[in-house]
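Below is one structure, written out as structure tokens, with a few remarks after it.
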Amino acid sequence: MKTVAVMTASPALTAIATMMAAALPGVTARPFVEPLAFAAALRHERIDLIIADFDCPRMPADRLAHAIRVDTRVGRTIPIIALGKNLGRDARCFSSAVGIDEVILKPMSPLHLYDRIRARLVAPAPIGPANVIPLFSPLPN
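Using mature numbering (1 follows the signal peptide of the UniProt record, and there is no 0), the letters of the sequence shown map in sequence onto residues -21 to -1, 1 to 120.
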């Protein structure tokens, strides 16, 4: 069984992402609201994919990705899909630099999100850069 962790800016988007992930055979989806609960799950459970959101006020996707990539307790092997709107080329380049594997522009079709989740879980692409420069504080304990 594979697990997808979801933390987005709105309950509606979290519900859509969670439903799309859970619709895949052999996949369970876990929605998160609080960064502390998310951090605890990363340390104590197997997470196979993360769906994050640039617009999430509690933990934007870039900060979340960076914190995961520099935290040796979590590791650098979890693929991260980030959702965002109005992202320019600089933001996309920065996303790659902090360890985000794929950016999907909002609004998106739920079926497109489903396809991208499936693609990442079946044959994950190489994970972000190996040497991420610390830009933000680590995940909360």
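Even for Gly, the Cβ is constructed at its ideal location relative to N, Cα and C.
#### Entry: Reduced DSSP category for P89 - H, G, I as helix; E, B as strand; rest coil
DSSP places P89 in the helix class (H, G or I) of the three-state scheme.
### Residues that DSSP places opposite Y(-15) in a beta bridge
Residue identity check: residue -15 is Met in the sequence provided, not Tyr. Within the DSSP bridge table, the entry for M(-15) names A31 as partners.
### Query
Under three-state DSSP, which class holds I83?
Strand.
### Task
Return the CA-CA distance between H91 and I83, expressed in angstroms with no decimal places.
H91 and I83 have their alpha carbons spaced roughly 9 Å apart.
### Query
Cα-Cα, which of I79, M(-3) and I60 is closest to V6?
Of the residues I79, M(-3) and I60, the one whose Cα lies closest to the Cα of V6 is M(-3).
### Query
Could you check where the alpha helix (DSSP H) with V49 kicks off and where it finishes?
Its alpha helix (DSSP H) spans residues A40 to V49.
### Query
Alpha carbon to alpha carbon, what distance is there between K85 and P14?
The C-alpha of P14 lies about 22 Å from the C-alpha of K85.
### Query
Rounded to the nearest angstrom, how far is the Cβ of I59 from that of I79, given a contact under 8 Å?
For a cut-off of 8 Å, the C-beta gap from I59 to I79 is around 5 Å, short enough to register as a contact.
### Message
Using DSSP's beta-bridge definition, name the partner residues of A61.
### Response
According to DSSP, which records beta bridges pairwise, A61 is partnered with A31 and V82.
### Task
Indicate the three-state DSSP secondary structure (helix, strand or coil) for G(-4) in the structure shown.
In the sequence as presented, Gly is not what sits at residue -4; that position holds Thr. In this structure, DSSP gives T(-4) a helical state, which the three-state scheme calls helix.
### Message
Do I29 and A70 have their beta-carbon atoms positioned less than 8 Å apart in this structure?
### Response
No; because the gap between Cβ atoms is not below 8 Å, this pair is not in contact.
#### Entry: Exposure of S88, with buried meaning 16 or more beta-carbon neighbours within 10 Å
The residue is exposed, with fewer than 16 neighbouring Cβ atoms inside 10 Å.
### Message
With H, G and I counted as helix, E and B as strand and the rest as coil, what does DSSP make of P36?
### Response
Assigned with DSSP and collapsed to three states, P36 falls in coil, not helix or strand.
### Query
Taking just the CA atoms, how far does P36 sit from A98?
When rounded, the distance between both Cα atoms is 28 Å.
### Task
Let me know the secondary structure DSSP gives residue 121 once reduced to three states.
As displayed, the chain neither begins before -21 nor continues past 120, which places residue 121 out of reach and without an answer.
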